[in-house]
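Q: Residue 75 is where the sequence shown starts when you use our numbering, and the numbers rise one by one after that.
A virtual CB, placed ideally from N, CA and C, is assigned to each residue, including glycine.
Since this is a predicted model, take the numbers as computed values, not measurements.
This structure is in structure tokens; I'll ask about it shortly.
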Amino acid sequence: MPNWRFLSVLLSILLPPLVFAQENNIERVEIKGNSIVDSETYQFHLTQKVGDPYDRDHALDDFRRLWGTGFLDDLTLEVTDGERGKIVTYIVAERPRVQALDFVGSKEISANDIIEKLQEEEAAIEIEDFYDPARVVKAENIIREMLVDKGRTDGSVSSRIDVLEEGGVKIVFDIKDEQKIRIKQIHFDGAEYFDDWRLRWGMKKTKESHALGALMGGSTYTEETYAADIERVREVYLNSGFVDVSFGPPKMEYEDGTSRFLFWKKPRRWLSLTIPVVEGKQYRVGKVSIEGSELMPEEFIKSYFKLIPGEVYDESKITKGLEKLRELYGARGYIQFTGFPIKKPVPDTDLVDVTINLNEDQQYFVNQIDFKGNTTTRDKVIRREMWLNEQDVMNMELLKLSIQRINQLGYFQPIEEPEIVPVEGEENKLDITLRLAEQNRNQFTFGGGVSGLEGAFINLSFSTTNFLGRGETASFSLQTGSRTRNFRIAITDPYFLDKPITLGFDVFKRTLRLPQFTREDTGAGLVFGIPIKRFSRLFLNYNYSVIITSEPDPDLVLTINDLFFNSAFLDPRFLGIQGDFISSRVTPSFIHNTTDNPLFPFRGKRYTASFAVAGGVFGGTVNYYKPTFEGIWYLPVTRTTNFGFRAMVSWLKGTAEGRVVQGELDEAAGDLILDVQQTGIPFFERFFLGGENQIRGYDIRTIGPRDPLGRFIGGNKLILLNIEYYIPLAGPLRMVLFFDAGQAYAENTSWNFSMFKDLRTSTGAEMRFFVPVLNVPFRLIWAYNPHRDAFQPATAFRFGIGTTF
């Protein structure tokens, strides 16, 4: 009995707290009001679970987590008592999902442009995202800025939400372009030393509008472009000694008017800008001093700036000097070198003392060089183009040249900037990473066609400049047709035995069947090359071929046009070349190439000089020598456009007498044929111009000297000039404006300036579309031939493959 009494007392003490604790636990967590997102997803964001003690602060934390998901427009927290504890209920009002986007009303900016800009600004609105009013407002502001950049300062943007039947929403941005505001006039109030036109010339984007403003652009106003342009105007003054020049806020006056161009008239809003200028005094150079230079003598540093006491101060000299010093220090490993001028006018004089402060920092070394993204090309193929090695002094100039050399290979998309990061725990060591993106360097073609020279044909070819990722060049081609049959295979290794030695060979067999004769060429060639300087190499080529001309083929038909206007069909007896020949030719050559890309050069130059010698001590029955000089230059004009120039000259000189064939045909042809025969130069080695690789508006081999009967006989001298202007349009498409000029001259023409009056010219435009699979550009060419022969067309439209140079 006492035991039962003790137990009842113990239970009366312990049971109430246990019951109270159980009643304070979470009995159930509920999500109500959701129809888009399932309850389990919301539960995932909660930290308080069933059975946990209820805590108000934890519940509020969970409330904030749910609100932070961005799923909700409204959220309510309710806590009620259940049978065994607390029931926590989150009542949600979900945001709708975005099912569609639309941008309407603007002709100035496209939907694609807007979407790309939103992605750049990390403000993209994705389909199936929850509707976010703040993100929509941010998008409106970005679109409004785009309108301002286009000169639509009065443009506006608003948005609306259309509820769709599926339950989602469509966000519609209503864009009103309004009139484009053009700059009518720019005046610099207070400018005395410079005229307005000179200061306006210094501005890059903020320009006065003119008749071609719509085509040339640059005549709209934005605060960003104005701020950049006013700094350019400041540079104009600083480069002329006005150290204290200052500019006030621009005064802007708007007016309504019209713009005209020929018969075109359009309403326009005009803006006149008045820019206050306080020029100040023009200063001359006083004392020049250098501070912070420890590695090099002060006088040596001064020589880079060319600041002469007493001369008008010119800030551009300091800018150029610092750029050169940055290159000099960077080549010695001081890649963090910086410098800036301090200008201190001397009171009561027109002199300004200049102190150039230098911060040399420390010398850095290369720790490791890595390549990322070369999935096909082997590391050694890339590393052998690096003129900077691991553990070397960090030479920025060698790194730039190495990147240029890798870009020249054409194996990868152009490398922009290398990643240079300090090594953890190493104060002065750096790791270099080149991120690469392989691009196709293989060309495979299979097709056929009809050609005036080759007749009907089919061809199969393959070529690569990066065979199996080893950096070797290999090509194979096979063509057969009614008049031609060609076979060629070639392999070249630019680093034979992993040495910078080029070694290659090719073998070929060509057959040309014509009514007058059949010609077969069978031969092989070798090439050997060595580097002699950065971007320069010497080559030695040897070519041996057997040329056999046999009896005519009676099954082929020759047209009158073929006979008189296509030099390929000229009877070889006219030039005394019928028979069999052996050509043994040696060609030393020099190539200097600094172009930045093999497919689309933007800057750089390429010089080629060669001297081919056939016959003589090298044997064979063909005897001549042929010097050739070619220069190619690429010059940037804007950030995306550039010029290309090519100039080429060559001549042939026979070193043995030709075979003079007397007969009726020779008498009809006249003395010119006899002169050509006596030179000893085979007909198949003579110069003929024309075609999309030389002078675009003319047929292949239709420019050159002719005999009195009008037949092309080829020349022994050659002049060729090409000018191209490259304009990227979209992606792989670009337009090329061109001018071509050239001529081949016979033996009776000597070298003099009068040769240029006989140049045949062609000008026009072409569209080039680069096909990545084939790795070549396709070309549609329209040409006008202003200086032509009577039988040649005034205009021509052609299709081509490849490039002119």
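Decide if the segment 141 to 152 is in contact with the segment 221 to 236; the criterion is three or more beta carbon pairs, one per stretch, under 8 Å apart.
A: Touching, no, given that fewer than three Cβ pairs across the two stretches are closer than 8 Å.
Q: Determine, using beta carbons only, whether GLY838 and ALA857 come nearer to each other than 8 Å.
A: Closer than 8 Å, so yes.
Q: Can you tell me where the alpha helix (DSSP H) holding ASP223 begins and where it ends?
A: Segment 207 to 223, the alpha helix (DSSP H) holding ASP223.
Q: Are the beta-carbon atoms of ARG677 and TYR708 separated by less than 8 Å?
A: It is a contact, given that the beta carbons lie within the stated cut-off.
Q: Skipping 5 residues on each side, what residues in its chain have a beta carbon closer than 6 Å to that of PRO860?
A: Result list for PRO860: THR835, in chain order.
Q: Is it buried or exposed for LEU763, if we count other Cβ within 10 angstroms and need 16 for buried?
A: Buried is the call here.
Q: How many angstroms separate the CA atom of GLU200 from the CA atom of VAL172?
A: When rounded, the distance between both Cα atoms is 7 Å.
Q: Counting Cβ pairs closer than 8 Å, one from the segment 486 to 496 and one from the segment 504 to 516, do we hit at least three?
A: Touching, yes, given that three or more Cβ pairs across the two stretches are closer than 8 Å.
Q: Can you look up ARG872 in the DSSP assignment and give me helix, strand or coil?
A: In the structure shown, ARG872 sits in a strand (DSSP, three-state: E or B).
Q: Any contact between the segment 271 to 286 and the segment 128 to 147? By contact I mean 3 or more CB pairs, one from each, below 8 Å.
A: They do not touch, by the three-pair rule.
Q: Name the residue from VAL467, GLU365, GLY360 whose alpha carbon lies nearest to the alpha carbon of TYR408.
A: Checking every option, the nearest Cα to that of TYR408 belongs to VAL467.
Q: Please state the DSSP three-state secondary structure of ALA133.
A: In this structure, ALA133 counts as helix in the three-state DSSP scheme.
Q: Under a three-way DSSP split, which group does TRP271 fall into?
A: Helix at TRP271.
Q: For TRP825, which of helix, strand or coil comes out of DSSP?
A: Reduced to three states, the DSSP call for TRP825 is coil.
Q: From LEU446 to GLN465, what distance separates their C-alpha atoms?
A: One detail in the question is off: residue 446 reads as Lys in this sequence, not Leu. Distance between the alpha carbons of LYS446 and GLN465 is about 20 Å.
Q: Tell me the residue span of the alpha helix (DSSP H) that contains ILE477.
A: Unbroken alpha helix (DSSP H) run through ILE477: 470 to 483.
Q: Am I right that VAL428 and PRO415 are in contact with their C-beta atoms under 8 Å? What's the rounded C-beta distance?
A: Confirmed, about 6 Å.
Q: Using CA coordinates, which residue listed in GLY694, SER537, GLY242 is at the minimum distance from ALA174?
A: Selected option, being the one with the closest Cα: GLY242.
Q: For a quick check, are the C-beta atoms of VAL124 and ILE161 less than 8 Å apart?
A: Cβ distance not < 8 Å, so VAL124 and ILE161 don't count as in contact.
Q: The alpha helix (DSSP H) spanning ASN115 covers which residue range?
A: This sequence places Thr at residue 115; Asn is not what is there. Here the alpha helix (DSSP H) through THR115 covers 113 to 118.
Q: Assign VAL237 to one of two classes, buried (16 or more other C-beta atoms within 10 Å of its C-beta) or exposed (fewer than that).
A: When all chains shown are included, VAL237 counts as exposed.
Q: So, using beta-carbon positions, are LYS325 and THR299 closer together than 8 Å?
A: Not in contact: LYS325 and THR299 (Cβ atoms no closer than 8 Å).
Q: On the criterion of 16 or more Cβ atoms from any shown chain inside 10 Å, does GLN410 qualify as buried, or is it exposed?
A: With fewer than 16 Cβ atoms within 10 Å of its Cβ, GLN410 is classed as exposed.
Q: Starting from the Cα of GLY395, find the closest Cα among GLN436, THR412, GLY384 and give me that residue.
A: Among GLN436, THR412, GLY384, the Cα nearest to that of GLY395 is on THR412.
Q: Alpha helix (DSSP H) containing ASN617: first to last residue?
A: No alpha helix (DSSP H) contains ASN617, which is instead part of the beta strand (DSSP E) from 610 to 624.
Q: Please classify LEU673 as buried or exposed, where buried requires at least 16 neighbouring CB atoms within 10 angstroms.
A: Per the 10 Å Cβ criterion, exposed.
Q: State the DSSP-derived secondary structure class of ASN441, mapped to helix, strand or coil.
A: Three-state DSSP puts ASN441 in a strand.
Q: Taking the alpha-carbon positions, what's the ARG457 to PHE570 distance?
A: So the alpha carbons of these two residues sit roughly 15 Å apart.
Q: Opposite ASP176 in the DSSP bridges: which residues?
A: BP columns for ASP176 point to VAL246.
Q: For TRP141, does the three-state DSSP call read helix, strand or coil?
A: TRP141: helix per DSSP, three-state reduction.
Q: Applying the criterion that 16 or more other CB atoms from any shown protein chain within 10 Å of the CB defines a buried residue, is LEU134 buried or exposed?
A: Classification of LEU134: exposed, given that the 10 Å Cβ count is below 16.
Q: For PHE887, collect the residues of the same chain with a Cβ closer than 6 Å to its Cβ; drop the 5 residues on either side in sequence, then sort them by chain order.
A: Because residue 887 is not part of the residues shown, which for the chain are 75 to 879, the question remains open.
Q: Which of the three DSSP states is assigned to GLU464 in this structure?
A: Coil, per DSSP.
Q: Which two residues bound the contiguous beta strand (DSSP E) that contains LEU425?
A: It spans 425 to 433 - the beta strand (DSSP E) in which LEU425 sits, taken as one unbroken run.
Q: Should PHE247 go down as buried or exposed, given a rule of 16 or more other Cβ atoms within 10 Å for buried?
A: The residue is buried, with at least 16 neighbouring Cβ atoms inside 10 Å.
Q: Could you spell out the range, first to last residue, of the beta strand (DSSP E) harbouring GLU546?
A: First-last of the beta strand (DSSP E) with GLU546: 546 to 555.
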